[in-house]
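Numbering of the sequence shown is given in this note's numbering, commencing with residue 1 and proceeding in unit increments. Take a look at the structure set out below.
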Amino acid sequence: MRRWLVESAMAIRAQRVEAREENLFVALLSEMVDRFDDIADYMTSISCTTGHRPLNRKERNMLFLAFKSLVKPRRASWRKIKDIERVEDEPHCLAIITDYLSRIASEIVSICERIHRFLNSYLIPSEDSAEARVFYRQMKADYFRYLAEIKTDE
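Right, dumping it as structure tokens:
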């Protein structure tokens, strides 16, 4: 019975390693074709499904790239539309601009909350490396800054 348990545990561990490698491979493929949402999904899946094994430096950088690439164009769009809003004087157009800004801001909030939940629930608690903890906390601070950027007018 004990041997069976050991063998079962080893098989489960092998499956986790295999799943991690497969997710990493698909994340790399996704990076090649600029599918940043997919990279974010696969990188979060790697940590969630492999027993909280810490991400290595390459994996951390892929996670960083994925979320940065998701939020960066939305932040740029938000800033450009905000500039247009400042000079618009037509009330009807201003209402449309405000609605559009709200939609973009909602997307930014969603991305920031997603990475914060992931950092707080999986990455920071399971990390032993000081370098990685600093990396994650810096990443967390960046996304708080992005939230603050869009909340300045509220």
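Idealized CB from N, CA, C, for every residue including glycine.
| query | result |
| --- | --- |
| Beta-carbon proximity list for V26, same chain, < 6 angstroms, skipping 5 on both sides | Y42 |
| Secondary structure, alpha helix (DSSP H): runs of 4+ residues fully inside the region 81 to 149 | 91 to 118 |
| Cβ contact check for the region 26 to 35 and the region 81 to 95: 3 or more pairs under 8 angstroms | no |
| Whole-angstrom distance between E107 and A168, CA atom to CA atom | Since the displayed the chain opens at 1 and closes at 154, residue 168 lies outside it and no answer follows. |
| Nearest to R114 (by Cα), restricted to the options E85, C93, S102, V71 | V71 |
| Buried versus exposed call for R103 [16 or more other C-beta atoms within 10 Å across all chains shown] | exposed |
| For R133 and R74, the rounded distance between their alpha carbons | 27 angstroms |
| Inter-residue CB distance, A76 and I150 (contact presumed, cutoff 8 angstroms) | With a Cβ gap of about 12 angstroms, A76 and I150 do not count as contacting. |
| Y143 beta carbon less than 7 angstroms from that of I124 | no |
| D54 in three-state terms, based on DSSP | Before going on, a small fix: residue 54 reads as Pro here, not Asp. Three-state result, P54: coil. |
| Proximity winner among S129, L119, D128, T152, relative to M139 (alpha-carbon distances) | L119 |
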